[in-house]
Amino acid sequence: MSADPRPDLDGVNFNSDDYNKLPLVSEAEALFESQLKSAGLNRAELFSQLALLFYDSKANKPGPYAVYLIHRHYELKPGERMVATDTSTRPSTEFSPNIVPHIWSINEEAREFRFVSDPSTHPPPPPREFFSKFRSFLEEKRIDTLGICYAENDLKDGDIYEEGDGPGDRERMVTMISELQAGTDSYEVVWSPRHDPKSQTLIMAVRCCCNVGKIPICVSVLAVADGLTRTYQVLREDIPANYQAV
């Protein structure tokens with residue numbers, strides 16, 4: 174817990190009913206486009222203005238946070254939260270200091286969570302001032318479909334994450350792919366700043382695309398071999414139909 178605790182930010186007040194009211198990704202995409210149109214903007218124009226907020230000018234590199242299209246894929250049961258572990262995200266009723274929020278709405282409400290090995294070394298949530306600037310910018314344009322998540326700054330230019338359905342119960346899985354491999358039916362859901370070599374300007378680049386009803390091209394699965402549970406990278410078409418997540 175932070176020194177200045179904010180219950181919604183820390184996920185203390187998380188409610189599965191509120192999560193279930195979030196739009197599906199296709200609905201969130203349509204609503205975002207509608208709000209952009211009403212504001213007289215396109216994505217490039219909006220994100221060019223947001224890029225400076227998410228770029229760490231002092232360190233001259235992308236900051237620790239990214240823009241996220243707030244959405245859901247499944248309904249949660251009472252007491253459940255979506256928790257990411259490695260490349261898999263699925264419902265969990267576990268509560269542990271190692272499970273921390275990693276996606277927030279514009280109103281600083283934790284929406285999804287992640288398991289971290291050492292919470293003491295994990296970056297802190299976005300500070301109040303950062304949220305205030307982000308919220309003021311979007312409220313002025315009457316846009317409430319975007320939120321904040323932790324950035325994945327290990328991606329190389331030209332690479333993105335692809336998210337799709339996993340083999341487990343209400344499971345989502347991600348894998349790193351080339352932008353050229355992204356499907357035309359996928360939705361952009363995460364953006365973070367980078368320098369565009371062509372225009373020599375700071376832009377918000379897509380960092381994750383979301384597919385509906387499709388397992389990513391290559392996924393990490395857990396399997397037991399020789400009494401040990403290991404993670405394997407496999408092609409999605411090679412996953413047996415009866416595979417059950419560990």
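Sequential numbering of the sequence shown, starting at 174, is according to my numbering.
Cβ coordinates follow ideal geometry from the N, Cα and C atoms, glycine included.
In chain order, what residues of the same chain have a beta carbon less than 8 angstroms from the beta carbon of ALA239, not counting five sequence neighbours either side?
PHE227, ILE321, CYS322, TYR323, ALA324, GLU325, VAL363, TRP364, SER365, ARG380.
According to the Cβ coordinates, are HIS246 and VAL273 closer than 8 angstroms?
Not a contact, by the Cβ cut-off of 8 angstroms.
What did DSSP end up calling SER211 once you bin it into helix, strand or coil?
helix
Determine the DSSP secondary structure at TYR405, reduced to helix, strand or coil.
Confidence is the limiting factor: at TYR405 the pLDDT is only 44, short of 50, which leaves the residue's position unreliable and the question unanswerable from this model.
Nearest by alpha-carbon distance to LYS314: which of ALA212, ARG308, ASN271 is it?
ALA212
Per DSSP, what kind of secondary structure is GLU352 in: helix, strand or coil?
helix
Please determine if the region 304 to 312 and the region 328 to 345 are in contact, where contact requires at least 3 C-beta pairs separated by less than 8 angstroms.
no
Taking Cβ positions, are GLU344 and ARG263 nearer each other than 8 angstroms?
yes
Identify the residues that DSSP records as bridge partners of GLY320: which are they?
TYR241
May I ask you to report which of helix, strand or coil DSSP gives PRO264?
strand
Below 8 angstroms, can you find three or more Cβ-Cβ pairs linking the region 217 to 227 to the region 284 to 295?
no
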